[in-house]
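**Q** I'd like to ask you about the structure that follows.
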Amino acid sequence: MSKIIDIKDLSYVYLPGSPYEQQALKNINISLNQGELLGLFGGNGSGKSTLAKLLNGLIYPTGGQVTVCGIDTNIKELRHDLWKKVGLVFQYPEQQIFESNVYDEVAYGPRNLGLSESEVKTRVFEALDRVGIFPDSMVNLSPVKLSGGVRRRIAIAGILALEPEVLVLDEPMAGLDPLGQNLMLEIIKARQEKKTQTTIIISHNLKDILALADKIAILERGALVFHGEVQELLSKIDILSQFRLELPDYLQVAYALNARGIKPNNDIKNINEAGLELIRIISGGKGKL
Amino acid sequence: MNGHGIQLINVGKEFKNPDSYKAALTNINLTIHEGEYIGILGLNQSGKSTLARLLNGLLKPSLGRILVNGMDVDSSEQIREIRQLLGIVFQNPDNQLICPVVEEEIAFGPENLGLSPSEVNKRVSWALEIVGMQDMRYHAPHLLSGGQKQKVALASVLAMEPSYLVLDEPTSMLDPVSRWEILEHLRKINKENHITIILISHNPEDLLDANRLIVLHEGFIYMQGTPREVYADMEKLTAIGLKPPGLYQLIQQLEEEGYGIDDNTSTIPQLVEKICQK
Ligand SMILES: Nc1ncnc2c1ncn2[C@@H]1O[C@H](COP(=O)(O)OP(=O)(O)OP(=O)(O)O)[C@@H](O)[C@H]1O
Ligand SMILES: Nc1ncnc2c1ncn2[C@@H]1O[C@H](COP(=O)(O)OP(=O)(O)OP(=O)(O)O)[C@@H](O)[C@H]1O
Ligand SMILES: [Mg+2]
Ligand SMILES: [Mg+2]
Chain L
188 MSKIIDIKDL SYVYLPGSPY EQQALKNINI SLNQGELLGL FGGNGSGKST LAKLLNGLIY
248 PTGGQVTVCG IDTNIKELRH DLWKKVGLVF QYPEQQIFES NVYDEVAYGP RNLGLSESEV
308 KTRVFEALDR VGIFPDSMVN LSPVKLSGGV RRRIAIAGIL ALEPEVLVLD EPMAGLDPLG
368 QNLMLEIIKA RQEKKTQTTI IISHNLKDIL ALADKIAILE RGALVFHGEV QELLSKIDIL
428 SQFRLELPDY LQVAYALNAR GIKPNNDIKN INEAGLELIR IISGGKGKL
Chain W
33 MNGHGIQLIN VGKEFKNPDS YKAALTNINL TIHEGEYIGI LGLNQSGKST LARLLNGLLK
93 PSLGRILVNG MDVDSSEQIR EIRQLLGIVF QNPDNQLICP VVEEEIAFGP ENLGLSPSEV
153 NKRVSWALEI VGMQDMRYHA PHLLSGGQKQ KVALASVLAM EPSYLVLDEP TSMLDPVSRW
213 EILEHLRKIN KENHITIILI SHNPEDLLDA NRLIVLHEGF IYMQGTPREV YADMEKLTAI
273 GLKPPGLYQL IQQLEEEGYG IDDNTSTIPQ LVEKICQK
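Chains L and W, in that order, give the protein sequences. Just so you know, we're using our numbering here: the first sequence kicks off at 188 and counts up by one. Just so you know, we're using our numbering here: the second sequence kicks off at 33 and counts up by one.
Written out as structure tokens, the structure reads:
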């Protein structure tokens, strides 16, 4: 497996020397292999979005190194082409939506890649389809007339249309309804199946991505306090409770049973199986509650 | 039409698009009593934010009337008074943050209420503490992180101490620790100070403190009831693509087998505990 992201001793300070100077990241070391999915967590202001912007060369380290797809972002001439390989969906869609209609918005990236207008069109319609937008009714609309969740979908589509090698999603589920969230999970799964596409998701909700993530990183006030496999995180009860990271509902049942010394008959793998297990326990007891 | 509360009478809202009209809300009849805690959920584009913006006159209804404490939102003489009574936290905090310093941002509303400087100062400190942003008092709002912006937007509305508090997805960018603290605070000001809460969220667990849930679908009121009632109707919810919190899926599954679960079960570990004790 080849390393696609290599972050070494990374530090980042905003506006150094000004009254608003802020150390956003200190001494971060993270590496990720091609095809992996990293879930990035941490409290508000812990440095997640800053890290996202460092990955696609929008800003560059004030200390240490970020190497993505073999490109060291400290090297000015190389940084220039990074946007083609590393797609970043911003935390607020309003940060990236500028065109006057939905079609041009999603077409912006593919056009800049120099694709033909017919290829651009194919990409735009495919990307909109993947985020659950039915083009006919929407492509001519101005983004300011869209609801928040639809604006999020358009912002995601605009980056998907680039088909980036590395995709960085800054809180992509925020504002999406359950249908949109499911589509987002499908998009992530499809990237994983290709084995060549690497994805980083910033989130506050461990439930959303636990089943899919290969690795988890957690930031606290700019420092990396956890970096490892999902299984390893699950054994760190102190970290889970410090950050109030919630396990998926079925695992909450399994853990609560475990805490009471009750061993489930079968492995609980989803909410329905969790319910069946509870029914088994209750019916074995004295009867109704 | 005097008295307290919010009334929507046959309200409709249409937007004009280049080649069509879009009905964002249709035939909304709703009475919200003072002191209620209302949760609003629904798919993207179902009309939630439109409803919120109608309540303080930011948008005008195409049809029908909206009354806040008996005052018509459409009447320009009373709109100032209505906006002092009813505060909105918008879906995107950038639409709300206008001052160069966090402190000024939060003081803006209370100053407009004509409060004394010492009272304004008290409110600013209090609001910053609730959202855990005391350290950022002298920072620039536009240089904050996404979640920090959301907290400042929330604090600036809390500082006005409105009787009606409308919150459009206020937890979407909050870390779990902050999210629980804010939800706890909303519960508290609703219970202790009888502040009316109208909370919009895509996270069904955010809405468990509500007395009444309203499900919007394609601009109509699709369902209404207590969280327990609404979340128990799995069939009707899943028909439009919504789903209840895991806890309620489990309660439902148990009830179908004839095992009733009492109403004050609010987390999965609590449920498991109750079952194990039997
Ligand atoms: N443009 C900026 N100028 C100065 N300071 C900034 C700027 N952007 C962010 N910061 C500060 O840097 C720190 C890290 O911010 P960042 O946006 O990376 O946090 P985050 O982990 O994404 O938080 P959130 O969950 O709230 O989005 C915060 O203290 C923030 O106030
Ligand atoms: N200014 C506008 N002009 C035209 N159409 C609009 C305007 N504002 C909203 N709409 C349309 O009204 C409908 C309802 O939008 P609204 O923002 O109320 O949805 P929402 O339920 O808040 O959705 P979300 O969960 O995505 O935030 C959408 O179809 C939207 O495109
Ligand atoms: Mg962020
Ligand atoms: Mg909305």
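Even glycine gets a Cβ: it sits at the ideal position worked out from N, Cα and C. Small disclaimer: the values here were computed from a predicted structure and weren't measured.
#1: Within 8 Å of any Cβ in chain W, is that where the Cβ of His414 of chain L sits?
#2: Please give me, in chain order, every unbroken run of the beta strand (DSSP E) with length at least 3 that falls completely inside the segment 369–398 of chain L.
#3: So with Cβ pairs under 8 Å, would you call Ser428 of chain L a contact of chain W?
#4: Out of L:Lys272, L:Ala400, L:Gly230, state which residue places its alpha-carbon closest to the alpha-carbon of Ile347 of chain L.
#5: Is it the case that the CB of Thr82 of chain W approaches a heavy atom of ligand 2 more closely than 7 Å?
#6: Just the C-alpha distance for Ala377 of chain L and Ser233 of chain L, rounded to the nearest angstrom, thanks.
#7: Under 7 Å: does the beta carbon of Gly274 of chain L sit that close to some heavy atom of ligand 4?
#8: Could you tell me which uninterrupted beta strand (DSSP E) segments, each at least 3 residues in length, are contained entirely in the segment 47–109 of chain W, listed from first to last along the chain?
#9: Can you find the residues in the same chain that come closer than 7 Å, C-beta to C-beta, to Tyr295 of chain L, ignoring five residues on each side of it along the sequence?
#10: Any chance the CB of Gly178 of chain W is under 7 Å from a heavy atom of ligand 3?
#11: Please report the residue range of the beta strand (DSSP E) in which Lys195 of chain L lies.
#12: Should Ile458 of chain L be labelled buried (16 or more other beta-carbon atoms within 10 Å of its own) or exposed?
#13: Assuming Pro301 of chain W contacts Pro276 of chain W (C-beta within less than 8 Å), just tell me the rounded distance between them.
#14: Report yes or no: is there a C-beta of chain L within less than 8 Å of the C-beta of Gly131 of chain W?
#15: Mind checking if Tyr279 of chain L is an interface residue toward chain W, Cβ cutoff 8 Å exclusive?
#16: Mind checking if Ile257 of chain L is an interface residue toward chain W, Cβ cutoff 8 Å exclusive?
#17: Return the residues of the segment 257–272 of chain L that lie within a Cβ-Cβ distance of less than 9 Å from chain W, sorted by chain order.
#18: Determine whether the Cβ of Val304 of chain W lies closer than 8 Å to any Cβ atom of chain L.
#19: What's the C-alpha gap between Lys308 of chain L and Ser324 of chain L?
#20: Quick one: using the 10 Å Cβ neighbour count with 16 as the cut-off for buried, is Ala361 of chain L buried or exposed?
#21: Taking Cβ to Cβ, would you say Pro194 of chain W is nearer than 8 Å to Leu118 of chain W?
#22: Comparing alpha-carbon positions, which option in L:Arg467, L:Ile468, L:Asp436 lies nearest Ser298 of chain W?
#23: Between the C-alpha atoms of Glu416 of chain L and Leu432 of chain L, what's the straight-line distance to the nearest angstrom?
#24: Using a Cβ-Cβ distance under 8 Å, would His171 of chain W count as near chain L?
#25: Buried or exposed: Ile424 of chain L, going by 16 or more other Cβ atoms within 10 Å of its Cβ?
#26: Which residue spans inside the segment 105–135 of chain W form an unbroken alpha helix (DSSP H) run of at least 4?
#27: Taking only three categories from DSSP, how would you classify Glu292 of chain L?
#28: Is Ile253 of chain W closer than 8 Å to Ile64 of chain W when the C-beta atoms are compared?
#29: I think Ser78 of chain W touches His249 of chain W, with their Cβ atoms under 8 Å apart; what is that distance to the nearest whole Å?
#30: Give a yes or no on whether the C-beta atoms belonging to Ala185 of chain W and Val156 of chain W are separated by under 8 Å.
#31: Are the C-beta atoms of Phe47 of chain W and some chain L residue less than 8 Å apart?
#32: Between Lys456 of chain L and chain W, is there a C-beta pair that is closer than 8 Å?
#33: Quick one: complete alpha helix (DSSP H) runs, 4+ long, within the segment 142–229 of chain W?
#34: What does a CB cutoff of less than 6 Å around Gln166 of chain W pick up in its chain, not counting 5 residues either side in sequence?
#35: Can you tell me the Cα-Cα spacing of Asp295 of chain W and Ile258 of chain L, whole angstroms?
#36: Given that a residue counts as buried once 16 or more other Cβ atoms are within 10 Å of its Cβ, and exposed if not, what is Ile262 of chain L?
**A** Taking the geometry as given:
#1: no
#2: 385–389
#3: no
#4: In the sequence under discussion, the amino acid at residue 347 of chain L is Leu, which differs from the Ile named in the question. For the residues L:Lys272, L:Ala400, L:Gly230, the minimum Cα distance to Leu347 of chain L belongs to L:Lys272.
#5: yes
#6: 30 Å
#7: no
#8: 52–64, 69–73, 95–100
#9: Glu286, Gly345
#10: yes
#11: 190–201
#12: buried
#13: Wrong, their Cβ atoms sit about 18 Å apart, outside the cutoff.
#14: Looking at the sequence shown, residue 131 of chain W is not Gly but Cys. No, Cys131 of chain W does not count as interfacial toward chain L.
#15: yes
#16: In the sequence as presented, Ile is not what sits at residue 257 of chain L; that position holds Gly. By this cut-off, Gly257 of chain L is not an interface position.
#17: none
#18: yes
#19: 16 Å
#20: buried
#21: yes
#22: L:Asp436
#23: 15 Å
#24: yes
#25: exposed
#26: 111–117
#27: helix
#28: no
#29: 6 Å
#30: no
#31: yes
#32: no
#33: 149–162, 178–190, 208–225
#34: Leu160
#35: 57 Å
#36: exposed
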